[in-house]
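Protein chains in written order, with my numbering: chain A, 1 to 499; chain B, 1001 to 1349.
What follows is a single structure, written as C-alpha cells, with notes after it.
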C-alpha cells in the first residue's frame, strides 16, 4: 500500500438485495497511470466505479484522495475534487452544440446573459487537448459515437480532472477509433491525470494499462503490472476456480436419442449488423453463444425471434420453411425468447399469473375472451414446477426477486409450449443461488427435448451449460468449439485477434 | 418483501417507511382505489354535516344523472389511458355524434334507428381515424387527438351549419331527437333515471373488455410495457387501434345521450368535457402513464367530481369557488396516489 497514491480505496463494500457487489476491496491509484479494472459481468467493476464517481454510496470503507478522506455518495463533490466519469451510456444532449455540452452548466456570460458563442470559444482548448477536430458549434447529433466519447472526455477535463473513469469506452468503437482514444488517454496520463479504465477485453487492457486490478465476485483477486501480465494469466484470474470446472453434458448416453434438426439457417442475417450466417440446432441440445459486448449475439436472438426481422437468407424450423416477421410469428412457430434486459420482458404492474400466461392468450382463451380458469391453472402449475417463490399468482411480478422474475419469463415460454428457447444472458444480475436454479432448469428443459440457444458473455457459463460453444465476433459466428476448449481459445476467438 | 425492507439501512428511514406503509395500506385497499374512496367518504361526510339535503336519494340520483354523459365518455378514456394513450377528442366526438343523429333525424327525416346508427358510426369513424393516424403515421397520441379535437368540432359545425339542431327553418314537422334516445336520456323507471342505467351499462362493457377479453389484457400489457407486450406476441398497433375505436364509439353514445337530455344538439356542446374525463380517470386511480387502472375507479372519480360540484352548489358557493375546489381536489388525489406508488416502489425494489 503505497502512501503516496493519488486515490486510495480502503475496505470498500457494497451489498444489493441478494448480491454482495463488493466485499472489502482495497485499491490504490497513482497519478500518471492507467489503472485497469478487469472482471467478468457482475464482478463488481461498475459498482466500484460508481462508488469512486460518487453516484453510489458504499456500505463500508473509505475513499482517500491525496491521503485525505473523501466524503462518499455525492457526484457533485467528487467532481469538485477532480474525479470525472465517462459512462457507457453517454450523457450528452444531442441537440446542443459540442461546446455547450463540454461546458454544460458552466456557461460563459456576457452582460449577465448566457452567451453561447463565448461558451463555445471557451470549450475550444479542451477539444484541442483531446485532439477532436470538429468545430465547437457543431451539434452533437452530427457526431459519431467515437467523437461523442471524446466530447464526454473533454467535458470531464473541463472540471480540471485528476482522476478520469472510463467505463468500457471502446465497446462501440472501431479498431481505428480505439487507437485514437488510447492516444488521448496516453496524453492525459503524461499530463499527470490518473485514468481508471474498466473493461473485460484483455488485448486492449494489456495495450493501454499500466496496472491491472482483477475483480471476481465482488472481491479483489489481485493486482498485476501490465508489463508482466499475459492474456492467459488474466483470463484465469478473471474466471478463477472455474478453470477446473468440468462441462456438464446433457447427453444421457442412450444411442436412440432423437437428435433431429430443429432449426436450420442458411446465409441468414440482417446485414450490416448481423452478417449472413449458417446455423443448425438439434433437438434437446444447448448451444452456447459466447461473444463480447457488441459482437452481435443479442442481435442474433432478436433476429431469430422476429423482433428485428431477417433481411437475408432462409430459415427452416422443425422441417418447414418459415419467415418470421414479428414475435407473434416466432411464437406461433414454437420459439420462446428471454431478452437480456429482464425489465423489457416483464410487465411489472401485472400479476405473476398474467405475466406467465401473457403469450398464451391465443391458447387459453376462447374467441375474443380470456380463459381465466385455464390461465390460473397453468400459472399455478408452472409456479410449482419452476419453484417460483411468490405469495400467490395475483402478486405483482415487480415485487419478486430477480431470479424469480427470470423464472416467470421462462414459465411464459413453457406455457406456450415453445420447443426452441432463445435465452439472452438469462442470469445477468441474478444472485448466485438463483443462478444455479436457472442453470438446472435449462438443463432439465434440454433433457426434456427443448432446444436452447444460450447466449452469454461469461465463458464459465458457456462451458458449463453448452454442448458446444458458438463464438461470435463482429456480427458473425467466427468459431465453433467444444466445451472443453481452453478459455484462451474461446477468448481469443471472441476477441477476433490472433495471439 | 419483508426480507428486502429489512435491508434498508438507518432507523429513521425504517421508521418513516413503517409510517408510510400504514398509510399506503389504506390507500392500497380495494385494489388501489383506497385513495379515491377515502376522498369520496370524506366529501360525503363533510357535505352531509353541512347540509341535510345532500345525502337524500333524490340528490344523489340527481348527481349521477347530471354526470352520466361524463361517465360514458370517461369509460372510453379509461381504456385509452390504461393503454398509455390519451384521447383529447372525446368531447368533440360526442358533439359530432349528437349533431349527426339530430340532423339525419330531424332535418333529413330518416327513421330513428338509421339516425342513431349514423350517430354511432360517426363516433367509430373518428376513433378509427385516431387509431390509424397514431399507429400508421406515428403521430403521438396527444397530438393526433388534439388535432382531431379541433377538426371534429369543425366537422360538427359543417354538419349543423353552425345552428342548433333542430333548426326550426328546415325541420321535419314534429321532430327533435329520436324518441328512443329521448326516453333513454331523459326518462326514468320507478324513479331511476334511465340515463344512469345506460351509463352503468357502458361501464359494464368497459369493465368486461378490460377484465375478460384478450383485447383488455392486451390494453393493460401495451400500457404497462409496450416492448414486453410486443415480444409476447401481442399486436400493439391493432390493440391501440381498437382502443381508440372503442373510445370513439363510447363518445358517440355519450353525445347522443346528451342530445337526448337537452332535446337538442349543437357543435359546441360538451365543451371541455375531455379534460373532465381525464380528471375523473386519474382521480379514480388509473395511472396516467398507463398499465393499470379500472373502470370502477373511474365511476368513483366521476362521482367525486359530481358530488363536489353539487355539494358546493347546495352550500351556495359560487361557481368560481367550485372551480377552484375541483381543481385542487384533482391535484390532491393524484398527489396521494403518486405517494402511494412511490412508497410501494421503494418497498419492492
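Cβ coordinates follow ideal geometry from the N, Cα and C atoms, glycine included.
All of these numbers come straight from a predicted model, not from anything done at the bench.
Quiz prompt | C-beta contact flag for residue 21 of chain A and residue 52 of chain A at 9 angstroms | solution = Against a cut-off of 9 angstroms, the Cβ pair of residue 52 of chain A and residue 21 of chain A comes out as no contact.
Quiz item: Which residues in the same chain as residue 1132 of chain B place their Cβ atom closer than 8 angstroms to its Cβ, once the five residues preceding and following it in sequence are excluded?
Solution: For residue 1132 of chain B, where only same-chain residues beyond five positions count, the Cβ hits under 8 angstroms are 1241.
Practice problem: Within 10 angstroms of the Cβ of residue 448 of chain A, are there 16 or more other Cβ atoms? Answer buried if so, exposed if not. | Solution: It counts as exposed.
Quiz prompt | Cβ of residue 339 of chain A within 9 angstroms of any chain B Cβ | solution = It does; some Cβ of chain B falls within 9 angstroms.
Quiz item: What does residue 1225 of chain B reach in chain A if we use C-beta pairs closer than 9 angstroms?
Solution: Ordered by position in chain A, the residues that pass the 9 angstroms Cβ test against residue 1225 of chain B are 343, 344, 345, 346, 347, 348, 349 and 350.
Quiz prompt | Meets three-Cβ-pair contact criterion under 8 angstroms: the segment 1059 to 1070 of chain B and the segment 1299 to 1307 of chain B | solution = With a cut-off of 8 angstroms, the segment 1299 to 1307 of chain B and the segment 1059 to 1070 of chain B count as touching, because enough Cβ pairs lie within range.
Exercise. Kindly list the residues whose CB is nearer than 7 angstroms to the CB of residue 1199 of chain B, restricted to its own chain and excluding five residues on each side of it in sequence; keep chain order.
Key: So the qualifying residues of the chain are 1068, 1071 and 1072.
Self-check item: For residue 83 of chain A, three-class secondary structure by DSSP
Solution: Strand.
Practice problem: Using 10 angstroms around the beta-carbon of residue 1332 of chain B, count the other beta-carbons present and answer buried if the total reaches 16, otherwise exposed. | Solution: Its Cβ having fewer than 16 others within 10 Å, residue 1332 of chain B is exposed.
Quiz item: How about the segment 324 to 342 of chain A and the segment 305 to 313 of chain A: do they share at least three Cβ pairs that are nearer than 8 angstroms?
Solution: Cβ pair count under 8 angstroms is three or more, so yes.
Quiz item: Helix or strand or just coil, what does DSSP make of residue 458 of chain A?
Solution: Of the three classes helix, strand and coil, the one that applies to residue 458 of chain A here is coil, per DSSP.
Exercise. For residue 1291 of chain B, go through chain A and note every residue whose CB falls closer than 9 angstroms to its CB, in chain order.
Key: The answer, in chain order, is 347, 348, 349 and 350.
Self-check item: Neighbour-count burial assignment, residue 245 of chain A, 16 or more Cβ in a 10 Å radius
Solution: Interpretation of residue 245 of chain A is limited by its pLDDT of 42, a score under 50 that renders its predicted location unreliable; the figure taken from the coordinates is listed afterwards. Residue 245 of chain A comes out exposed.
Exercise. Could you tell me which chain B residues have their CB closer than 9 angstroms to the CB of residue 354 of chain A, listed as they occur along the chain?
Key: Within 9 angstroms Cβ-Cβ: 1217, 1220 and 1221.
Practice problem: Would you be able to state if there are at least three C-beta pairs under 8 angstroms between the segment 411 to 421 of chain A and the segment 393 to 401 of chain A? | Solution: Cβ pair count under 8 angstroms is below three, so no.
Self-check item: Contacts of residue 475 of chain A in chain B (Cβ-Cβ under 9 angstroms)
Solution: Result: empty, since nearest Cβ-Cβ is about 22 angstroms, beyond 9 angstroms.
Exercise. Report all residues from its chain with a CB closer than 8 angstroms to the CB of residue 395 of chain A; omit the five preceding and five following residues, and keep chain order.
Key: The answer, listed in chain order, is 351 and 352.
Quiz item: Roughly how many whole angstroms lie between the Cα atoms of residue 349 of chain A and residue 1226 of chain B?
Solution: So the alpha carbons of these two residues sit roughly 12 angstroms apart.
Quiz item: Does the separation of the CB atoms of residue 1146 of chain B and residue 1089 of chain B fall below 9 angstroms?
Solution: Taking 9 angstroms as the Cβ cut-off, residue 1146 of chain B and residue 1089 of chain B qualify as a contacting pair.
Self-check item: Contact under 9 angstroms by Cβ, residue 95 of chain A with residue 125 of chain A
Solution: It is not a contact, given that the beta carbons lie outside the stated cut-off.
Exercise. Could I get the ranges of all uninterrupted alpha helix (DSSP H) runs contained in the segment 419 to 493 of chain A, with 4 residues as the minimum, in chain order?
Key: Qualifying alpha helix (DSSP H) stretches, in chain order: 432 to 447 and 459 to 465.
Quiz item: Who are the Cβ neighbours of residue 1260 of chain B in its own chain at under 7 angstroms, not counting the five residues just before and after it?
Solution: Result list for residue 1260 of chain B: 1177, 1181, 1182, 1184, 1185 and 1186, in chain order.
Self-check item: Inside the segment 1223 to 1261 of chain B only - alpha helix (DSSP H) runs reaching at least 4 residues
Solution: With a minimum length of 4 residues, the continuous alpha helix (DSSP H) runs that stay inside the segment 1223 to 1261 of chain B are 1226 to 1231.
Practice problem: Locate the beta strand (DSSP E) running through residue 1168 of chain B, then write down its first and last residues. | Solution: Unbroken run through residue 1168 of chain B: none, as it is neither H nor E.
Quiz item: What residues match up with residue 35 of chain A in a beta bridge as DSSP calls it?
Solution: According to DSSP, residue 35 of chain A shares a beta bridge with A:196 and A:211.
Quiz prompt | beta strand (DSSP E) segment containing residue 20 of chain A, residue limits | solution = First-last of the beta strand (DSSP E) with residue 20 of chain A: 19 to 29.
Quiz item: Would you report the Cα separation of residue 337 of chain A and residue 322 of chain A, rounded to the nearest angstrom?
Solution: Answer to the nearest angstrom: the Cα atoms are 17 angstroms apart.
Quiz item: Short check: CB of residue 385 of chain A to CB of residue 393 of chain A, under 9 angstroms?
Solution: Not closer than 9 angstroms, so no.
Exercise. Name the two residues that bound the continuous beta strand (DSSP E) containing residue 290 of chain A.
Key: First-last of the beta strand (DSSP E) with residue 290 of chain A: 286 to 291.
Quiz item: Would you say residue 328 of chain A faces chain E, with C-beta separation under 9 angstroms as the test?
Solution: Absent from the structure is chain E; the protein chains it does hold are A and B.
Quiz prompt | Assumed close pair residue 289 of chain A, residue 113 of chain A - CB separation to whole angstroms, cut-off 8 angstroms | solution = Contact between residue 289 of chain A and residue 113 of chain A does not hold, since the beta-carbon distance rounds to 56 angstroms and is not under 8 angstroms.
Quiz prompt | Assigned secondary structure, residue 127 of chain A (DSSP; H/G/I helix, E/B strand, else coil) | solution = Residue 127 of chain A sits in a helix when the DSSP states are folded into three classes.
Quiz prompt | Neighbour list for residue 368 of chain A in chain B, Cβ cutoff strictly below 7 angstroms | solution = Simply 1213, 1214 and 1215.
Quiz item: From the DSSP output, which residues share a beta bridge with residue 216 of chain A?
Solution: Its beta-bridge partners are A:219.
Quiz prompt | CB contact check: residue 420 of chain A to chain B, cutoff 9 angstroms | solution = So, not an interface residue.
Quiz item: If the cut is a Cβ gap below 9 angstroms, which residues of chain B does residue 359 of chain A touch?
Solution: 1231, 1232, 1233 and 1234, listed in chain order.
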